[in-house]
Structure formats: C-alpha cells, structure tokens
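Residue numbers (our numbering), protein chains in the order written: chain A, 1 to 446; chain B, 447 to 1008; chain C, 1009 to 1363. Okay, structure first, notes after.
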C-alpha cells in the first residue's frame, strides 16, 4: 500500500491536468473524524471529491466525546487526518493533549470574530468554518394543542405554564450545550445564572443523553420546547417539521471547527479540505436546507433564504455576552459536574420542588400574604442555593479535582470527584426536599 | 488435570482459553485497571469502591438497575409464557406465527426502536393522543423506569420464549400424563409439573434477560433515564476530559454483580439434570383446541404480537412517513426514504450480513465446544471457560471497544501495516465475544438435555469421541445450537456500542452504524428508519432461512413415527 | 368395592392408520388382567385409552358401568404406572407421592398419613426425602407404584412396569405386585410383551396383534387351546405342522406338507377346514427308533441344554419338530445325529383352521 499512493497520485495529477481543476496535488484518501450528521458530511464529501477526483473522503462518524476518545486511543498509530466537530472545547482538549497540528488556512474574507467569539484558535491549531448559537425551538402543533404561548427569552422558560414541556441535553454530554450553560452563567453571573438554569430545569420534561435528542423530541412532539443549537432548529424546520426557532437575546455564537490531527497520514488532502470548507463554494453548502449553519464568510449570506439570521448584520445575535473562553475552560468539567449533580441526576427532586413553588405562587397571585410569601422566597432560595461559590469554582486547585489528568507520577490532586459530588448531592437533595415542603406549607396557608 | 488421557480435550481447552484471554479478559482488564488506581497517588486502592457505596446517587442507580431488571423479567415472562404455552401444548396454527415472529423483537436496531416506541407510546405518542382525545386520560407507558421496563421486556422476552419452548419440547410426555392420571390438570398441572420441569430453560432465558437488562446501556440512554448503573458508567467513561474512575468502578461492579446473578442461577439449576431419553415421539401431548379456545388463544397471541411488534410497526410507519410530529399517524407517506437508502448505502447491508454471520458461526462453535467441555469433560478448570465467556454479558460494548483499542492498536494485522484494532476482523471478534453468552447458554441448555447415555451408545458402537460428538451430540443439540445461532446473528446484526468504537472506515461499517449516522439529523429520521427496516428484513430472512434448513434436516433425521 | 371395565367395539385411528380394530373386552372386578402382544400391537394404546390419554373414534369405555369416553384423564380415578415410572425429578419422593392427594385438596395430616402408608407399603419410607435420581430402578418403580396407590384408584393400569428391571428383581416385583393386587382387591390391567410375566401374574390374558384381540382367556387355557397360530406361537414354543386331513392305511389321518403322518385329534370339527396341527414340544414323546409305540422316526439335529429341560430339534421327513424333555428323567439324553422314535397322544394335538 505504501508504494501505491505515489502512483495513483501521478495518475490523478495527469487526469487533473486535463480538466481545468485543482491547483495542487493531494493524497488519494482523506480520513475525517467528525461528529456532524450525514446530511452535512455527505454534501461536503461529494463536493470535495468532485473537486479533487482522485481523492476519496472517508467520514468517520463519532459522537464528539467518542471521537476525542478515539483520537486519543489511536494516537500511537494514527490513521485519521482531520477532526471536524462543533465544540471548540473538544478541540481544546485535543490541543492540550498535543494531538493537533498547526495550520493556517488559505481563506480570504473571513473576519476575526462572529458575535463576540473569535472564529479561529489564536494558536492556529484549529479553524472555525461555521457559526452556531443556542436558542429555543418549539413544536407549533404541540404549543397549539396545549395552548402554550411561544417563548422568546430564557426567562420565559421559567414560567409555570411550561412545566414539563421543556427538553435539553446535559452539558457533560454535549459540548455545545455546555456553551449555552456557560453563556448564561457568564451573562447573568454565577449565582443568578445557576438560579435561572435550575428554575428552567424545574420545567424540564427530560435531560436527553444526546444533543440531537432535543430536536428529535421536539420534532416528534415528545416535548414541546427544546433548548437547542440553531442548525438543529433551522434544519428541522427546513426538513418540514412543524417547528420554529429563535435566538434569545443572551446567546453566544460559537464557531464549529476543523483541525488537522498530528501525524496525519494525508496532510495535503487534510489542508485542501479545510481550504475547501472556507471557500465560497464550501461556505455556500452550509446554507443547504438540511444543514442550515451560519457561514463565517459574510459574503455568502447574500445567497441565504429571506429570514435566515445573519450575525454579521444583525448585531443583536450573540453579542450580548462577551464570552470568556479561558474562564469557561478553567471550570469546564466542574460546571458539567455541577449541572449533572444538581439537575440531571436530581431532576425529579428539582421538578417536584419547582412545581410546588409554582403551585404556591399561583395561589398567592393577587393575595397579600407576607408569611406565605416569605416561605416561598425561602423555598426559592433553597432551590437556587449552590454548594460552592464562584471563587471556589475558579480555584484551579479545586477545579483540578475534576480534571484527573495526572501527567506525571509526581502530580498530586487532593480530594476525589466522587467524594465532592456526594457532598453536593446530599446538599441539593436536602435543599430540594426542604424547598418543596416549604412551598407546600405556603400553599396550604392560602 | 489428566492431560495424558485426553490430550484433545486439553488442547481444545487451552485454545479457547487463549481466545477468551486475548479478546475478552485482557482488553477488559486494561479498562478495569483504572478502577483500582488511586487518582491522587497512582497506586492501587479500593477507595473508589468505598466512594461508590457512599454515594446515594450510585446506591439509587444500583437499586433502579436491579428493579428494572427484575421487573423486566416479570413482564417478559408474562409475555413469553402464554406464547410458549400455546406453541408447545396445542395443535395451533398460530404456533408458526409465534415461532417466526417471536424473536423479531430481538432484531430491533437501537435508536430507531426507541424513537418508534416514543412515537407510539410516548406521553404525546399515537396511543396517548388517541386515549386523550376519546377517553380523556393518558397512560405513562414510557415515563422514567416504566419506559425502560416496557421497552426492555418487549425487546428481550424472546430469550425466555426460545429457551422455554426448547425446554418444554424436551419434556417427556409421561411426566405430564402421570400428573393428569393423579388428578391434576390445566394451569395447576402447568404450574406444578410442566413449568418446574421446564425450569432449566426458563432460568436460562430469565437470567439472560435479567443480566442483559441489568447491563444494558442503549435503552435507558435513549429514553434519557440516567439513574441506572450502566448509563452512569457510560456517562462517566465517555465524558470529555473526565478520567473519573467511578465509571470504571461501576463497570467492575456490573461485572461482579452479573457474575453473582449467574452464580445464583447456576445454583438454582444445580441437581436438576432433567435430561430424558425420548420414548417414541416424546414431547408433550398437543391438544386440539375447541373453537372458543381457539378464539381466545388467537386473541391473546395477536394482542401480544401487536404489542411486541409495535416497535416494528412504528418503524414501518416512520420509514414510509413524511413528517410525523405530534400526531397519531404521519402526515403523508412516501417511498423516497427507501430510495435514498438503496441509492447510498448498499455496502452497509453486505457488511452486516458478513459480520453477523461470521460472528454467529464463531459463537456456536465456541459455544458448543465450551458447553461440551463444561458438561462432559473432567478438566479441572473447565467451569472457568463458562464463567469467563458468560462474563462478556456484563461488559458494556463501549468498554470492550475501548479495551480493544488499548490492547490491539500497537499490534499490526498479519502481513499488513495497519493496526489490528482497525481491521474489520476485530469487529467480528468483538461481536462474537459480545454475543457468545447467548450462543453458549443456548448450547449449554441443549447439551443439558442430551442424555449422556445416547453419547455412550455412540462410543460403544465404535465411534470415537469426536465422531460421537459430530454424529450424535451435535445433531441432538441442533435445536439449541440453532437458537444460539439465531440469537447471536440477529443481535450481532444490530449491535451498536462496540461497533461505534471499532469502525474505522465507512466502507467497513455495518448497518447499525449507518442507522446511527442517519438518526443524528432531522431529515435523516425517515431514511434511518428505512435502513432499520432493511436491517430487520435482512436479519429476519436470514434467520428464517437457517431455521427452515435446520428444521428440515432435523425432521429428516428424527424417528419415524408409527 | 372393585370395579368392572368394559370396552365395547373400540376403534381407534391415528390419521389414516387404524391402530385398534373393533376391540371388545370385559375385565371383571378384582381381576388381574394382562394385555399381551408384541410391540406395536396396540396394547399400550388400549391402556392409554382407558386412562384417558387417547380418544377412540368408535365404541365405549365403561368403568364401573359408567361411560368415561368424554372424561378427562384427571377425573377418571384410574391409577397408572408408567413404563419409565415418570417420577418428577424436581420433587422429592414424598412430594411425588403426595402429589395426587394434594390435587384432591385433602387435609395436610391425611396426606402425610397416606403418603407414609403408601411408602411404608413399598418399603421406602426411609427414602421419602430423596429425589428420584438418587434411587435405583427398582426403588423408583416402587415409588411410582406408591404414588399411584396413594390416591386409592378404582383401577390400576401398569404399562410394562417390569421391563426396566433386571431379571431377579423382575420376578420379585411381579410377585409383590400380585400380592398387593390381591390384598387391595384392585382391578388391574397389566401391559406386557413378556408371556411369562403375563402367565405368572394374570387371571386372564388378552392376546393382541395388529390392533385385534386374538384370544382372551386364563393363561393355561390359552396355552392349551390357542385359537390360532399367532396365539399358539406367542405363548410358548409350539410345533406347527401344515397339511390336510387325508387317509392313511384306510384310516383318516393328517398328512403334512413335509410328508409326516399324524393321528387325528378327537375334537376335529369340520375335517375339510383343518389346515394345520399344533402341539407343544413337551407333548412329543421319545422312544427307541424301533419301539412299536413310535409313530414315526427322525434324526436329532440339535440339542440345547436349558437347565431343567433339554430341547431337541428333530428332522422327521422334511419337517423340523421341537421336543422338550425334563433333564434327568427317563431316557439318557440323545446326541445329534442319533435316530430316535417319536410318538404323541392325539389329545395333545390342536387342529387349526386358519393357518
């Protein structure tokens, strides 16, 4: 096999010369590890192979987390060329492990930032090719049948009317979901942000394991409202599902990325693919109705359908928060763990507590009963209470417990994640139970 | 060990041991190792296990897993018992339907099955939309643990059906007649005589269901139930950047508990050597049904089949439907999804056939060999083969996948320069290891019911050990071996978790992988369902054909009836 | 107390195969009755019909005067002991024996009492807590019997109960069975293919062949006066000489196809219909070749020493005849090749019209 590529290459070159096409010679194979759905990967594969007729693209479909694991595990004998996925954090992990190679794409006309977020890795290990922001999608039939109003802002999702109708993925399961959680935490502040998430989560029907589980649930009507990344909403709508999508005012636009894997067996093809992604041709593919992702090249928006959001024009999208990547990275695993302990794994307790508060508040509405009000306030505070402060979360020693990457034998970490999580779990479980009791007590007074 | 007396046995033993060691034990130990490492010092520790039992979340998960597994066994039994009863006790035309459709639930590919079930039985699924509109209430079939129990029972009840039916068919007629003669009949007779005698088969099936549900990852994940052990292990192992030992600890606990459960099952089976020499036609007497009994029987069978085939019904609707959203039925119907699938993914189907049949063949060879060594040889360590092979049940596919990557990435394939771990043959071996327990249990229980005397007769007539096995034992086990092949083949064809880790090029990918890929996008639901239907049809056809062939040859070999 | 069993014009087919053809039998109360015949003759089917495991297309089964055709097995109160004993391996001996009583919802104390009594009767009370596979064949047989007797059935059916036992045990068990049957005065039907078993135990025997009752009678009567060749040959050894009634020296006699001349028996019936004569080997008498009593002479071809008797195969003309003699009585044993004289009492000759 080792001798063959040269031969095939020569052949491809000879053939290529007779067409007017590609400028440079590339290898005959390209292996891409990607978390993107087939609808997206196929379009690019077809177009790329058309442009480089001698090259066959292998798309290895893996969930982001599994993809990282795969690249980490196979690093010793790497057979993949590109990692192509949404979450910048995933690229950060690979970059941190030294598994990515630097490449500066040859792509004119791409700005530095989309919304408030830099498009490319400042160190040059990976490049953004499309932007995505989190928002709210809903099933119009569902809302109509259940007579629910359309939500506009994150705050809307806290309302009692949406109890049991909202779905979301866990940040630990989906890198993009993590960004949404983090965005709200940065936008509203640590305590306010968490409180908001908890009261939204109190209305959850479910926390899905896969990020695609959210649009899937909304599309089929399993639940009515989903917190999703934009292209899930936009492509679901474009595929014919009775759904709508909007960006709330607090959202972050984050680039989806591509990076060359260290020791890639086909580096030329890998670079060619990145350049292709960022070319006008590649960027236009993003507007396909089954893909519907925001291009990073502002020029391409001219070809977009009428009501397609344009972050380069509409400054309200994704600019409300100045996203701090370093802060996010420092407490990445800790935030995921907190979300899981406080929300995912204690969803029933949380839901019950929030439901009790909503019932009490509904009864209270219009009445003046300071005693009941006080109980409700106390219940709300209990639900919102956090086991650690922002300062603690920012302490690198503490966050280190959640890293568990001992690089050298001399590295030591104090405390174990399981130990800490167990303490948190006891804390929130007791608080939720007490909040529920207080709210029920308040309701019984009314 | 009497090596000198039975060199062949020992050789077989060590070959199998080597295989299991290389492709099951070592990869898993590589992964489990993490559970015993102190994250702070890097030394050996048990503190992680202490953490597990201290954590209320894990205790709750443990309880939930146990509860779901036990309830699933109950519900699956409730489904399988009447079906097994009708097929073995009556001259009932429906038996053919039951036998051919009874195992179909096993071949529901993950993802699509749960999507289909949600669409039909979910809170806003077809059934509940109808109930709500006409009767004003809904039933939480799919809520939380209910949903897991519901889906698991429907998915795994064939294990009980297949094993129980085989066992029932092996009971000598006189066992039942003597009870009737002493005044027993009907359900009482079934409960006191027939069922206890079929116990080996039932326990084999029920323990499979229990273990499978206890360890299953896909269903709870798809239904977004996290408070169970396997999802907890998975969520922790697969998360970015968290090298949290708890996931690995849970994996170890899953294996240990599963071994414990299997030990209990083997205790329950101890001393129950019910093998019986068949006299004449043998088997339980089949009775012709009275017309009204026939009506009831058909009603029950159809109701159960409707229930257990509901994922397939849902899948069919989904594969032909245009948009299906918050409505009883899809908005419209189209064949475009099938066209798309056949246009784009024929290699998935061929790969699936190849992998699943290779894996299943490997499984029945290993299964028969191990069962034989365990039940017939006197080798001192023979039971360990059984234990180790069965332990594969407790190994989540993901763990096995990671283990393979860890163990075989540094090794190149023979005469090539690619890593062994990325060779498609490894996928076949992984599938075979994952499905070996099914085949092994089936072979084991088949061999359990072959009386030693029949083999001794063969040896007495001058056939060597090997010839006797080939000419007497294996033909007598044919039913069980077939059951093992069918289960292994069918379930290997839709296996996803190990596949997901080990597929390294799309051209090597099987159907389940293709379905997974399709199901990750809004527009891919239809084609994904269509591919799922193709998978179901391929496996069903393959199974049906092998069933026919083996049934035919068995009929030809069986005694002439006077 | 004991009951009568009647089978009237029973006809039973499996599909198109007629297994029982127009069988009518009466088994008297308290009788020990045997169905005897080679395998496939329908004897087990007939037994299973009485137990209710088979359905006949025609005819009636009456137990104690009551038609039971439509009664399921569990309501017939007919105890059956199966050939393979059919002890349930998942139950202890005690549970096995108690089963039928439990099905009758008897009080616990009574069950215990009756189980103990039944086990006591077969001498296995000490084995009550064991499981069937821990018992020997003979013990299993007794348990099966105890299990059946415990329900105090109206009728006892035994399906080849001794066939799985060794020879000594078989003799012992059949005596025990008979003693038990007499003690309980229980109408009993015993299926066997072994004429010795049938002869030793039964009051009467029905010989079956090809789904048809060939003859019914007491063992000795059947032996002495078989109605047909099948019965004659199935019950012990018999010399069959085919031929016809003719004249020898002016007197009527029987001339065989092999040229043998025999005197005619007294109860000849219609001489023109006689096709064969049958007689038992021990009825042939040996004498010196030149003895005037000799009816004919022959050459000893084969001698078998069977312990109590010596059996000779003798060639007379072109017939081969069997001759049994008690060992140690009368003449000294003859050797193969020796020529001997033979005679027979005409009363021991049995004419056959349907050979």
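Backbone N, C-alpha and C define an ideal beta-carbon position, used for all residues, glycine too.
Query: Status (buried if at least 16 other CB within 10 Å, exposed otherwise) for residue 781/B; Result: exposed
Query: Segment contact flag, the region 1073-1083 of chain C with the region 1095-1107 of chain C, C-beta cutoff 8 Å, min 3 pairs; Result: no
Query: DSSP-derived helix/strand/coil call for residue 423/A; Result: helix
Query: Identified DSSP bridge partners for residue 113/A; Result: 118/A
Query: Beta-carbon separation (whole angstroms), residue 243/A vs residue 140/A, contact threshold 8 Å; Result: 7 Å
Query: Pick from 740/B, 806/B and 922/B that is closest to residue 533/B, judged by C-alpha positions; Result: 740/B
Query: The region 699-716 of chain B touching the region 523-543 of chain B, judged by at least three CB pairs closer than 8 Å; Result: no
Query: Interface partners of residue 1081/C on chain B, CB under 8 Å; Result: 623, 626, 627 and 631
Query: Partners in chain B for residue 1108/C, counting only beta-carbon separations shorter than 7 Å; Result: 628 and 629
Query: Chain-ordered residues of the region 535-556 of chain B with a beta carbon less than 9 Å from chain A; Result: none
Query: Proximal residues, the region 1201-1235 of chain C versus chain B, C-beta separation under 9 Å; Result: none
Query: Rounded separation between residue 813/B and residue 887/B - CA only; Result: 8 Å
Query: Interface flag, residue 230/A vs chain B, CB-CB below 7 Å; Result: no
Query: Beta-bridge partners of residue 1256/C, as assigned by DSSP; Result: 1259/C
Query: Cβ shell of residue 785/B (< 7 Å), same chain only, five flanking positions each side left out; Result: none
Query: Near-chain C residues of the region 639-654 of chain B - C-beta to any C-beta below 9 Å; Result: 639, 642, 643 and 645
Query: Expected contact under 8 Å - CB spacing of residue 43/A and residue 967/B to nearest Å; Result: About 11 Å separates the two Cβ atoms, so there is no contact after all.
Query: Residues that residue 46/A contacts on chain B, provided the C-beta gap is smaller than 7 Å; Result: Residues of chain B passing the Cβ test: none, with the nearest at roughly 10 Å.
Query: Under the three-state DSSP convention, the category residue 39/A falls into; Result: helix
Query: Cβ-based contacts, 9 Å cut-off: residues of the region 212-223 of chain A near chain B; Result: 212, 213, 215, 216, 217, 218, 219, 220, 221, 222 and 223
Query: Any non-hydrogen atom of the ligand FAD closer than 6 Å to residue 848/B Cβ; Result: Of ligands this structure carries none, so the ligand FAD is not represented either.
Query: Which residues DSSP lists as bridging residue 31/A, in chain order; Result: 58/A
Query: Simplified DSSP state of residue 653/B, which is helix, strand or coil; Result: helix
Query: Unbroken beta strand (DSSP E) run spanning residue 1351/C, endpoints; Result: 1347-1352
Query: Cβ shell of residue 1296/C (< 8 Å), same chain only, five flanking positions each side left out; Result: 1302, 1348 and 1349
Query: Backbone secondary structure at residue 258/A - three-state DSSP; Result: strand
Query: Supposed contact pair residue 344/A and residue 252/A - C-beta distance, whole angstroms, cut 8 Å; Result: Incorrect: roughly 22 Å between the Cβ atoms, too far for contact.
Query: Separation of residue 303/A from residue 59/A, as counted between CA atoms; Result: 27 Å
Query: Stretch-stretch touch, CB-based, cutoff 8 Å, three pairs: the region 835-847 of chain B with the region 932-948 of chain B; Result: yes
Query: Residues of the region 71-85 of chain A whose Cβ lies closer than 7 Å to any Cβ of chain B, in chain order; Result: 73, 74, 76, 77 and 79
Query: Reduced DSSP category for residue 1193/C - H, G, I as helix; E, B as strand; rest coil; Result: coil
Query: Chain-ordered neighbours of residue 561/B on chain A, where CB pairs are closer than 8 Å; Result: 216 and 220
Query: 8 Å Cβ shell around residue 768/B - same chain, five flanking residues per side excluded; Result: 776, 777, 778, 779, 780 and 972
Query: is_contact[residue 735/B, chain A] using C-beta, thresh 7 Å; Result: no
Query: Uninterrupted alpha helix (DSSP H) stretches inside the region 1132-1190 of chain C (no shorter than 4 residues); Result: 1145-1158
Query: Nearest candidate by alpha-carbon position, reference residue 930/B, set 896/B, 884/B and 900/B; Result: 884/B
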